[in-house]
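The sequence shown maps to residues 12 to 651 in the numbering used here. Note that the Cβ used here is the ideal one computed from N, Cα and C, for glycine as well. It should be emphasised that the depicted structure is a prediction, and the values quoted were computed from it without experimental measurement. See structure below.
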Amino acid sequence: MEKGIQVKLPDGSERSCVAGASVADVANAVSLSLGKQAVAGRVNGREVDLSYGLEADCKLEIVTLDNEAGVAILRHSTAHLMAQAVKRLFGGEAVQLGVGPVIEDGFYYDIALERPLTPADLLAIEKEMERIVQQNYPIVRRVVSREEALALFGGLGESLKVELIRDLPEEAEISIYDQGEFSDLCRGPHLLSTGRIKAFKLLSVAGAYWRGNADNAVLQRIYGTAFPKKAQLEEHLFMLEEAKKRDHRKLGKGLGLFMFSEEAPGMPFYLPKGMIVRTELEQFSRELQRERDYEEVRTPFMMNQRLWEQSGHWDHYKDDMYFSKVDETDFALKPMNCPGHMLIYKNSLHSYRELPIRLSEYGQVHRHEYSGALNGMMRVRTFCQDDAHLFVRPDQIEEEIGRVISLIDEIYDVFGFAYRIELSTKPEDSMGRPELWEQAEASLAQVLDNRGVAYRVNEGDGAFYGPKIDFHIQDALKRSWQCATIQLDFQMPEKFDLSYIGEDGQKHRPVVIHRAVYGSIDRFIGILTEHFAGAFPLWLAPVQLKIVPVSAADHEYAHEVKRLAEQSGVRAEIDIRGEKLGYKIREAQMEKVPYIAVLGEAERGLGTAAVRQRGIGDLGAMSAEAFMERLRAEIASKKD
């Protein structure tokens, strides 16, 4: 008699089936449509293939292509498909395979091949992948011993795979996936067959050190992506092309915002127009903070090494810091502003009546990044943080964090950014007593729960001194960027022996809330440049108005209009070049100037301007005074 088992599904229902029934059998028993959509299962939390046999009572979740886990399995299977095609095209002996993991929005596979791959090679690999899809090979998992795995891949000349196998823990289960003539070392799970892969594209080739170690050989890394449907792939490829057009490095150079130099790798130079954008961003948040009783401070760029040892940054950050020796004393450029603010707080005695004390700083920090990781404004070696540290009593934590969230809401709303929230908890390299961490994590969770805010828990990703709430904004291309953060810290007040005199006349320990909204202002400018495709809203645009006189006879009137613009707080430029009118208008449009005022004989006689608005076109004639009033009101509203 066959043994029966009970399978509990996510909705709480249970299914009875015989021992040995596969995940696919259960999916089909639930519904035929679920059986068709299924790509894998999750048995008691472990992902397995659809062919996996259920031998005992268990919890089972069917994984489909409708969720991220299912798409990841599709992409992992596509990486194997690509590796098989590469082997076929270039010969098994000429190709050694490294690793081929899933990454955000796609996958890659590292290969050792003597000849460099070209764009034409990628197209050829894609065609071979399509042939393998048509051949619809079953993708079959088998468990082997370490000796069998070493013999198989050693016989194939796959020295990189042999190295991986030898480095596996003794107790590791070793599995191989076969599809046609191709076998690969992999934990899985995978799709049932190659024919289930419908929409894919190979994107690029780059160099990568084997296993990320600069002492190892450089392999060729082939990047690709895959989606359940061709329409989804086409949309993704369109977004990639749009991202290229919006690349902040290209736009930053073309619009004269910022530059980089080999004389200071990874350190941005702000050009006059870029400095306007940065100053506007700082002034915007500065005004909102002033309304909320923040006090602005400035701390030194470089401080004694012993301060960083005291704060804990030395143990956790020293490999990312820059050092210098002054008068035989070791100093460090600050990677964070926190310790300086601790010293400012400790500079005087404080009463419980003074708290909260809110110290803000637009503080320049320095952190070492490997040259290969540098990426325009998105990853630099020096950047400005819109930092603040709030020194509060324990009973003020929830209210103060609520006020910070409201500030973040107000600022992000101006840019049209929606966001999602993560609560990041204690990391492995944390400092401080466990009970303080538990108290801090519980406090942050309570704040979010009481506000009814949706969030996900990001285990182990907190700062070394405390848990944090991270805000991930979504830009115009639906890309996610982590910017704002709120960190709750019981540790540094201990490290620096901070105190305030309580109502009882005794010393008490304050709690510190670390807070940033833009995060890195430099990175935020890069994000905004791509989000707006360089077409900044009027209040933020470096040049808000381009004045274009028709002829030399209109120059004097153009200067009058410019003076009126300046008196109205409008940033204006005059184009007095001897070019044709149409050329000058097109140039202004290429510069993404929000408004263009064309001034000819008729406008000069009537005191008007022929106005063009970016994205709309000709607005017709209006008096210079009325036009400036319109601009003044739009700038004040901060609406695009």
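Within the segment 228–302, the runs of beta strand (DSSP E) at least 3 residues long that lie entirely inside it are, in chain order, 229–238.
A direct Cα-to-Cα measurement between glutamate 25 and cysteine 69 gives close to 10 Å. Judged by DSSP in its simplified three-state form, arginine 378 adopts coil rather than helix or strand. With at least 16 other beta carbons inside 10 angstroms of its own, tyrosine 606 counts as buried.
By the neighbour-count definition (other C-beta atoms within 10 Å, threshold 16), alanine 162 is an exposed residue.
Taken through DSSP and simplified to helix, strand or coil, valine 391 comes out as coil. Each residue's CA atom was taken as its position, placing aspartate 533 and cysteine 395 some 7 Å apart.
In the structure shown, phenylalanine 475 falls within a coil segment according to DSSP collapsed to helix, strand and coil.
If you check the CB distance, glycine 199 and tyrosine 188 come in under 8 Å. The Cβ neighbour count for asparagine 348, taken over all protein chains shown within 10 Å, is at least 16; the residue is labelled buried. If only uninterrupted beta strand (DSSP E) runs of at least 3 residues are considered, those enclosed by the segment 85–154 are 117–123. By alpha-carbon distance to leucine 385, the top candidate from Asp116, Arg260, Tyr423 is Arg260. Under DSSP, the beta-bridge partners assigned to phenylalanine 211 are Ala237.
Inter-residue distance for glycine 102 and glutamate 158 is about 25 Å (C-alpha atoms, whole angstroms).
For the pair glycine 109 and alanine 123, the CB atoms are nearer than the 8 Å cut-off. In the three-state scheme derived from DSSP, where H, G and I count as helix and E and B as strand, proline 438 is classed as coil.
In this chain, alanine 49 is not harboured by any alpha helix (DSSP H); it is covered by the beta strand (DSSP E) spanning 49–54.
DSSP, reduced to helix, strand and coil, places tyrosine 188 within a strand of the structure shown. The alpha-carbon of lysine 345 is positioned some 38 Å away from that of serine 215. If you look at arginine 444, you'll find it isn't in any beta strand (DSSP E); DSSP assigns it neither H nor E.
Note on geometry: alpha-carbon atoms of aspartate 121 and serine 359 lie some 58 Å from one another.
When rounded, the separation of the alpha-carbon atoms in alanine 608 and serine 634 is 11 Å. Secondary structure note for alanine 495: its beta strand (DSSP E) is the uninterrupted segment 491–500. Within a 10 Å sphere around the beta-carbon of serine 296 sit 16 or more other beta-carbons, which makes this residue buried. With a threshold of 16 other beta carbon atoms within 10 Å, glutamine 517 falls short and is exposed.
By a beta-carbon distance limit of 8 Å, alanine 399 does not contact serine 417. Their separation comes to about 14 Å. By the C-beta criterion, the segment 499–511 is judged to be in contact with the segment 308–323, since at least 3 inter-stretch pairs fall below 8 Å. Cβ atoms of leucine 128 and isoleucine 233 come within 8 Å of each other, at about 7 Å.
DSSP, reduced to helix, strand and coil, places proline 311 outside both helices and strands of the structure shown, so it counts as coil. Contact annotation: leucine 434 and proline 405 have beta-carbon atoms that are not nearer than 8 Å.
Cβ neighbours of glutamate 293 within its own chain (closer than 8 Å, five residues either side excluded): Tyr373, Asp397, Ile532. The alpha carbon of alanine 183 has as its nearest neighbour, out of Gly165, Val154, Leu203, the alpha carbon of Val154. Serine 27 has Gln17 as its beta-bridge partners, per DSSP.
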